[in-house]
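Residue numbering for the sequence shown follows the working numbering, starting at 3 and increasing by one per position.
Virtual Cβ for every residue (Gly too), placed ideally from N, Cα, C.
Only a predicted model underlies this, so the values are computations on that prediction, with no experimental measurement involved.
This report concerns only the one structure given below.
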Amino acid sequence: MAHEHKLEIFRGLLKFKSNTQKIWGVLIFLSIVTTVEVALGIVKPRALTHSYFLGMKLLNWIFIILTLVKAYYIAWDFMHLRDEKTSLRRVIVWTPVFLICYLIFILLFEADYIYNVYKDGFITWNF
Numbered sequence: 003m004a005h006e007h008k009l010e011i012f013r014g015l016l017k018f019k020s021n022t023q024k025i026w027g028v029l030i031f032l033s034i035v036t037t038v039e040v041a042l043g044i045v046k047p048r049a050l051t052h053s054y055f056l057g058m059k060l061l062n063w064i065f066i067i068l069t070l071v072k073a074y075y076i077a078w079d080f081m082h083l084r085d086e087k088t089s090l091r092r093v094i095v096w097t098p099v100f101l102i103c104y105l106i107f108i109l110l111f112e113a114d115y116i117y118n119v120y121k122d123g124f125i126t127w128n129f
């Protein structure tokens, strides 16, 4: 039942000699993505905080995308999703992706509706 794990990441772009090296490589990649997230959260560039896409700031979209990249990569390498059959990988990966996109859609539209009710309606902001 024992089989060798694939020792490359980024679809074979980086190849490692051992599992230990691969774990360190994945750790470095995830650390870089996290560092970019933290740096953007601290700096908050004006170009990203004052431009909107689909009703949300561009900076928030970048945070969502980078978080999804990290979650996907953790599942891909550390949960050995790479070694599974294609159909199982698709079920595991695409179902949460669809549900997260649906959740973002619902949250954006409901938040916009509630904002407009308070802004234009008879209910006022009392908090």
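Terminal residues of the alpha helix (DSSP H) in which residue i lies
i	result
residue 112	88 to 122
residue 50	48 to 51
residue 65	60 to 79
residue 33	21 to 45
Coil, strand or helix - residue i by DSSP
i	result
residue 3	Residue confidence for residue 3 is low, a pLDDT of 44 falling below 50, so the modelled location carries little weight and cannot support an answer.
Beta-carbon spacing of residue i, residue j below 8 Å
i	j	result
residue 56	residue 110	yes
residue 42	residue 61	yes
residue 38	residue 68	yes
residue 59	residue 35	no
residue 95	residue 74	yes
> Is the stretch 43 to 55 close to the stretch 89 to 102, with three or more CB pairs under 8 Å?
Replying inline: no
>> Counting beta carbon pairs with one atom in the stretch 76 to 89 and one in the stretch 111 to 124, are three or more of them shorter than 8 Å?
In response: no
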